[in-house]
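Notes follow the structure.
In our numbering, the protein residues as written are 308 to 566.
Here's what the structure looks like:
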């Protein structure tokens, strides 16, 4: 089902946007130099971000200004890298040891996202529902509504899905979450796919698509705002996508699973 695709891509998009906003308004950090860690994260090099961040943590003695941001970058990177258990551990450190951190709300949301992306919808739903009752989490309400709608769709709870989607549209009509359906895909029709190329020229994308089709792959081209993407497959599970990715990689194609 494409619900898995929407689920993780939306989470990644919202987390990235939230981080960019926070970093833009961040106060100067004197005790920690996070430039390289930020650089790797914003480039999407999560493995390098983790290495750089863990190295920075190992060098910290006592309480350092900016350590909460470092934890947040690490938590997001582990989340994006698929290490959900470690992501939860990091976010809980922010909640338990950085009481005055500006990232408290983001860390709370991140824990729910870890359950969500892991596929533990019961825990994720319970966590998000608690956030709806927390006055301090009001700024994250659109994101929570959207996730709850996705969970309801995934668990075939049509009534709840429509309820949360309706609340999102009614209370936050101009939010990013309210516009995500039109930008990406519908809540009930999502999937995993493997991207094997991105081109500025349509002809190059078409050429690669034809090449893959001749080799027996279900390849297709997607037109984005600035480029043309060549992707293969519309798969219901991440495991299937990984198998396809491995097959394409063995043939020499650069591959990346989306979401």
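Glycine included, each C-beta is placed from N, C-alpha and C at the ideal position.
- The Cβ-Cβ distance between residue 501 and residue 551 falls below 7 angstroms.
- Residue 384 has its alpha-carbon roughly 11 angstroms from the corresponding atom of residue 361.
- Listed in chain order, the alpha helix (DSSP H) elements of length 4 or more contained wholly in the stretch 396-483 are 411-425, 428-439, 448-461, 465-478.
- For the pair residue 452 and residue 474, the CB atoms are nearer than the 7 angstroms cut-off.
- Here residue 564 is bridged, per DSSP, to 501.
- Around the CB of residue 446, fewer than 16 other CB atoms lie within 10 Å, so the residue is classed as exposed.
- DSSP places residue 558 in the coil class of the three-state scheme, outside both helix and strand.
- Partner residues in the beta bridge of residue 539, as assigned by DSSP, are 501, 526.
- Per DSSP, the continuous alpha helix (DSSP H) segment holding residue 382 begins and ends at 374-388.
- Boundaries of the alpha helix (DSSP H) harbouring residue 511: 509-521, taken from the DSSP string.
- One alpha carbon belongs to residue 412, the other to residue 546, and they sit about 32 angstroms apart.
- Here the C-alpha atom of residue 388 lies approximately 31 angstroms from the C-alpha atom of residue 517.
- In this structure, residue 391 keeps its C-beta atom at 7 angstroms or more from the C-beta atom of residue 437.
- Between residue 343 and residue 359, the gap from beta carbon to beta carbon is short of 7 angstroms.
- Boundaries of the alpha helix (DSSP H) harbouring residue 360: 353-365, taken from the DSSP string.
- Annotation for residue 344: the continuous alpha helix (DSSP H) segment containing it runs 342-350.
- Looking at the backbone, the Cα of residue 433 and that of residue 555 are separated by about 39 angstroms.
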